[in-house]
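Student:
Following this line, the structure appears as structure tokens:
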């Protein structure tokens, strides 16, 4: 029986969905290894301990909580030192992180501190003998690599959304832990957290993504997509690189090879021609709808459903139809 | 300021990839290669910092077989001053194995700043930068979408999911560079000619042991799209019907 560690990411005092995904993935590994314990770590400002029991619902047996007023924002060196100390002391078979922006910063630091290799952006996770085997998209998602990691502890960062949180309720034992490093001596210091539109779902977590390209003609027309997203009620608005390069939308909204990679249940591409760079960020979406005036646009080759025509005319009609459908 | 930029040669992504006969790599035949996208941004950031100061030295480092010299020459033609090839063939997939070789090269270089691209666009691991920083014991900022340096301290921004954060740290430091920070310049003809005379050292890479390996590569299932259901707003009711009854997403 081998215990598995999981890092539970928080933001502004709340657990993020990816925290439950990491704990769930750790639970699966622990069960595959004969039913070991899952130990989760939460770091945050005083008060964050109240969130610990939520992790029990997804299979955590022990939740270590670091509460410190200086840790209200993510402090990379303090969190890495604390995670590495806990993982090193606990003789864990594996440690699961989420490959979010924060997890991608944290997991390699922890792996290097422990002197072990790691799997990044895993879309699957399997214990095979003395190895962990994962799938990991490479070459902008055009190729899928199966990777094998030997050695212990195995550090794995799972792609957000790839491993659905599954309830496996336990009464988690909550332990208070001191940070392994005094936040005051950290060299890399978090200064400011700039919250985006918190009313809007995150692109990586929204079941529906409505995305716009140059076909919207002027930045003001993104209002049409925001209205469509609001009609769905569970949608986020994304954009192409052309649009974010123009400054019509924030850079963080860019979906593509060099931006966000999303795979929602439904992806609506409005006024997007479908450059390879964009397709790389959304081609794994379950259902793709394309609306474009150019019948030859490459986006139609990957779309399940295409409508040829002017997005500015079609989107408002679609918004009304979605509102009607949601009423029923 | 003395700056090192670690860069990788990667295949052009606008390609239809084929899996090689070994079943665990991409067929190299007919592929075009270039500097990884994010590494181009990192080189540009280094050059701008040097230009702003009016002095400095930019070293570009690439790990791989002799063909990576092409990529190093490109960075030299953009304006880097010197280049180092760390000989390794093939390039390991294990980020820690690579980080060990880079840390060994960088350790006594006296660099104020070590830059990386946020990730290599081919292997997509995003681990080598922060791992190298840990091995060197240097402060590290990953995925910087802005970077300001003044008086030996740096301020940088990182994009998060639906938010952003600003961090501060002292130099020397390791920073990995995100897109959007600075569009890489194209090498000028003068730059290309000058690059031929710039120093390019070749050394064996002191790679770490590999514990992460690729055991299989495959192409993802093709999407069977291409179904146009109609034209103009009149097609909307049919779309909604399909989203409800067929795709079951509404």
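Residue numbers (the numbering used here), protein chains in the order written: chain A, 392 to 719; chain B, 2 to 251. Yeah, the Cβ is synthetic: ideal placement off N, Cα and C, and Gly gets one too.
1. Is there at least one non-hydrogen atom of the ligand GDP closer than 7 Å to the beta-carbon of residue 49 of chain B?
2. Report yes if the C-beta distance between residue 125 of chain B and residue 593 of chain A is below 8 Å; otherwise report no.
3. Counting only beta-carbon separations shorter than 8 Å, does residue 669 of chain A have a partner in chain B?
4. Where do the N-terminal and C-terminal ends of the alpha helix (DSSP H) with residue 471 of chain A fall, by residue?
5. Of all the beta strand (DSSP E) runs that stay within the bounds of the region 51–126 of chain B, which reach a length of 3 or more residues?
6. Taking Cβ positions only, does residue 603 of chain A come closer than 8 Å to chain B?
7. For residue 481 of chain A versus residue 396 of chain A, is the C-beta spacing smaller than 8 Å?
8. Would you please verify whether the beta carbon of residue 70 of chain B is less than 8 Å from any beta carbon of chain A?
9. Quick check: what's the CA-CA separation for residue 156 of chain B versus residue 510 of chain A?
10. By the criterion of Cβ-Cβ separation under 8 Å, what are the contact partners of residue 493 of chain A in chain B?
11. What does residue 444 of chain A reach in chain B if we use C-beta pairs closer than 9 Å?
12. Note down the Cα distance separating residue 160 of chain B from residue 549 of chain A, rounded to an integer number of angstroms.
13. Relative to the alpha-carbon of residue 69 of chain B, which residue among B:118, B:37, B:105 and B:188 has its alpha-carbon at the smallest distance?
14. Give me the Cβ distance between residue 483 of chain A and residue 394 of chain A, rounded to the nearest whole Å; I'm assuming they're in contact under 8 Å.
15. For a test of the three-state rule: what should DSSP assign to residue 154 of chain B, helix, strand or coil?
16. Would you tell me roughly how many angstroms separate the C-alpha atoms of residue 662 of chain A and residue 535 of chain A, rounded to the nearest one?
17. Within a Cβ cutoff of 8 Å, which residues of the same chain sit near residue 139 of chain B, ignoring the five residues on either side of it in sequence?
18. Do you know offhand how far residue 61 of chain B's Cα is from residue 646 of chain A's?
19. Closest to residue 568 of chain A by CA distance: which of A:709, A:712 and A:432 is it?
20. Going by DSSP in three states, residue 3 of chain B sits in which element: helix, strand or coil?
21. Run through chain A and tell me which residues come within less than 9 Å of residue 34 of chain B, C-beta to C-beta.
22. If you draw a straight line from the C-alpha of residue 574 of chain A to the C-alpha of residue 21 of chain B, how long is it?
23. At which residues does the beta strand (DSSP E) containing residue 547 of chain A begin and terminate?
24. Going by DSSP in three states, residue 1 of chain B sits in which element: helix, strand or coil?
25. State the beta-bridge partners of residue 517 of chain A as determined by DSSP.
26. Got a sec? Which residues, its chain only, sit under 8 Å from residue 401 of chain A by beta carbon, not counting five neighbours each side?
Tutor: Reading it off the structure:
1. Within the structure as shown, the ligand GDP is missing, as the structure has no ligands at all.
2. Translated into the one-based positions of the second chain, residue 125 of chain B becomes position 124. Translated into the one-based positions of the first chain, residue 593 of chain A becomes position 202. Cβ atoms of residue 125 of chain B and residue 593 of chain A: not closer than 8 Å.
3. On the first chain, position 278 is the one that residue 669 of chain A refers to. Interface with chain B (8 Å Cβ-Cβ cutoff): residue 669 of chain A is excluded.
4. The residue given as residue 471 of chain A occupies position 80 in the first chain. Its alpha helix (DSSP H) spans residues 467–481.
5. Counting whole runs of 3 or more residues, the region 51–126 of chain B contains the beta strand (DSSP E) stretches 58–65, 83–88 and 114–118.
6. As a position in the first chain, residue 603 of chain A is number 212, starting the count at 1. Under the Cβ distance rule, residue 603 of chain A does not count among the residues neighbouring chain B, no pair being separated by less than 8 Å.
7. Residue numbering aside, residue 481 of chain A sits at position 90 when the first chain is read from its first letter. Residue numbering aside, residue 396 of chain A sits at position 5 when the first chain is read from its first letter. Taking a C-beta distance under 8 Å as the contact criterion, residue 481 of chain A and residue 396 of chain A qualify as a contact pair.
8. As a position in the second chain, residue 70 of chain B is number 69, starting the count at 1. Residue contact with chain A for residue 70 of chain B: absent (no Cβ-Cβ distance below 8 Å to any residue of chain A).
9. Mapped onto the second chain, residue 156 of chain B falls at position 155. Mapped onto the first chain, residue 510 of chain A falls at position 119. Approximately 29 Å between the Cα atoms of the pair.
10. Residue mapping note: residue 493 of chain A aligns to position 102 of the first chain, counting from 1. The answer, in chain order, is 161.
11. Taking the first chain and counting its residues from 1, one reaches residue 444 of chain A at position 53. The contacting residues do not exist; residue 444 of chain A stays about 25 Å from chain B at best.
12. For this step, residue 160 of chain B is matched to residue 159 along the second chain. For this step, residue 549 of chain A is matched to residue 158 along the first chain. Going from the Cα of residue 160 of chain B to the Cα of residue 549 of chain A covers about 19 Å.
13. Mapped onto the second chain, residue 69 of chain B falls at position 68. Closest option to residue 69 of chain B, Cα to Cα, is B:37.
14. For the purposes of this step, residue 483 of chain A is identified with residue 92 of the first chain, where counting begins at 1. For the purposes of this step, residue 394 of chain A is identified with residue 3 of the first chain, where counting begins at 1. So it is a contact: roughly 5 Å between Cβ atoms.
15. For the purposes of this step, residue 154 of chain B is identified with residue 153 of the second chain, where counting begins at 1. Residue 154 of chain B falls in the strand class under three-state DSSP.
16. Numbered from 1 along the first chain, position 271 holds the residue referred to as residue 662 of chain A. Numbered from 1 along the first chain, position 144 holds the residue referred to as residue 535 of chain A. Near 29 Å, if we compare the C-alpha coordinates of residue 535 of chain A and residue 662 of chain A.
17. For the purposes of this step, residue 139 of chain B is taken as residue 138 along the second chain, with counting starting at 1. Excluding sequence neighbours, residue 139 of chain B sits near 115, 173, 174 and 175.
18. Position 60 of the second chain, counted from the start, is the residue given in the question as residue 61 of chain B. Position 255 of the first chain, counted from the start, is the residue given in the question as residue 646 of chain A. Cα to Cα, the separation comes out at about 30 Å.
19. To locate residue 568 of chain A, count along the first chain from 1; it is residue 177. It is A:432 whose Cα lies nearest to the Cα of residue 568 of chain A.
20. Position 2 of the second chain, counted from the first residue, corresponds to residue 3 of chain B. Here residue 3 of chain B sits in strand by DSSP.
21. On the second chain, position 33 is the one that residue 34 of chain B refers to. Under a criterion of Cβ atoms nearer than 9 Å, no residue of chain A is adjacent to residue 34 of chain B; the nearest Cβ is some 13 Å distant.
22. The residue given as residue 574 of chain A occupies position 183 in the first chain. The residue given as residue 21 of chain B occupies position 20 in the second chain. Straight-line measurement puts the Cα of residue 21 of chain B at about 49 Å from the Cα of residue 574 of chain A.
23. Indexing the first chain from 1 puts residue 547 of chain A at position 156. 545–549 is the extent of the beta strand (DSSP E) around residue 547 of chain A.
24. Since the first and last residues shown for chain B are 2 and 251, residue 1 of chain B lies out of range.
25. Residue 517 of chain A sits at position 126 when you count from the first residue of the first chain. BP columns for residue 517 of chain A point to A:524.
26. For the purposes of this step, residue 401 of chain A is identified with residue 10 of the first chain, where counting begins at 1. Excluding positions up to five away in sequence, the list reads 407, 410, 433, 434, 435, 439 and 442.
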